[in-house]
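Notes follow once the structure below has been shown.
Numbering (our numbering), first residue to last: 3 to 104.
Written out as structure tokens, the structure is:
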């Protein structure tokens, strides 16, 4: 199903003054420009947006986005978060905050 043909369906999205994440089309717009994300970057950002305002444990992010158990030790989450923050530019740390010890 193409995004343009979703006329009869509810459009699911996260949006604020700068960021629009269209969950149906899997697209991200930042200040009216399209943000190019990899599949995992999109999945991670979408998951964070769906849980905006909540503190999410590292283990739940790894399980939900990658399907990893809490027994796996990896830095992939840190790498992906850094890349997303960089792509978000000056707003990166506003949208993605790291809370240590949570």
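Cβ atoms here follow ideal geometry from the backbone N, Cα and C, with glycine treated the same way. Keep in mind the model is a prediction, meaning the values are calculated, not measured.
Residue i versus residue j: straight-line alpha-carbon distance, rounded
{"i": "residue 21", "j": "residue 102", "result": "25 Å"}
{"i": "residue 88", "j": "residue 57", "result": "21 Å"}
{"i": "residue 24", "j": "residue 70", "result": "26 Å"}
{"i": "residue 66", "j": "residue 50", "result": "11 Å"}
{"i": "residue 92", "j": "residue 83", "result": "14 Å"}
{"i": "residue 34", "j": "residue 72", "result": "37 Å"}
{"i": "residue 94", "j": "residue 76", "result": "22 Å"}
{"i": "residue 78", "j": "residue 52", "result": "20 Å"}
Cutoff 7 Å; reference residue i; Cβ partners in own chain excluding five residues on either side
{"i": "residue 90", "result": "32 and 97"}
{"i": "residue 3", "result": "With a pLDDT of only 47 at residue 3, under 50, the local geometry of the prediction cannot be trusted, and the value read off the model is given with reservation. No residues qualify anywhere along the chain."}
Closest Cα partner of residue i within the set the options
{"i": "residue 81", "options": "60, 73 and 92", "result": "60"}
{"i": "residue 28", "options": "76, 50 and 39", "result": "39"}
{"i": "residue 74", "options": "63, 95 and 43", "result": "63"}
{"i": "residue 48", "options": "17, 76 and 78", "result": "17"}
{"i": "residue 46", "options": "68, 55, 19 and 99", "result": "68"}
Cut-off 6 Å between Cβ atoms - residues of its own chain near residue i, not counting five sequence neighbours on either side
{"i": "residue 41", "result": "none"}
Opening and closing residue of the alpha helix (DSSP H) in which residue i lies
{"i": "residue 62", "result": "60-63"}
{"i": "residue 80", "result": "78-90"}
Same chain, Cβ closer than 8 Å to residue i, neighbours up to 5 away in sequence not counted
{"i": "residue 44", "result": "28 and 30"}
{"i": "residue 54", "result": "16"}
Exercise. Residue ranges of each alpha helix (DSSP H) run of no fewer than 4 residues wholly in the region 17-49, ordered along the chain?
Worked result: Whole alpha helix (DSSP H) segments, 4+ residues: zero.
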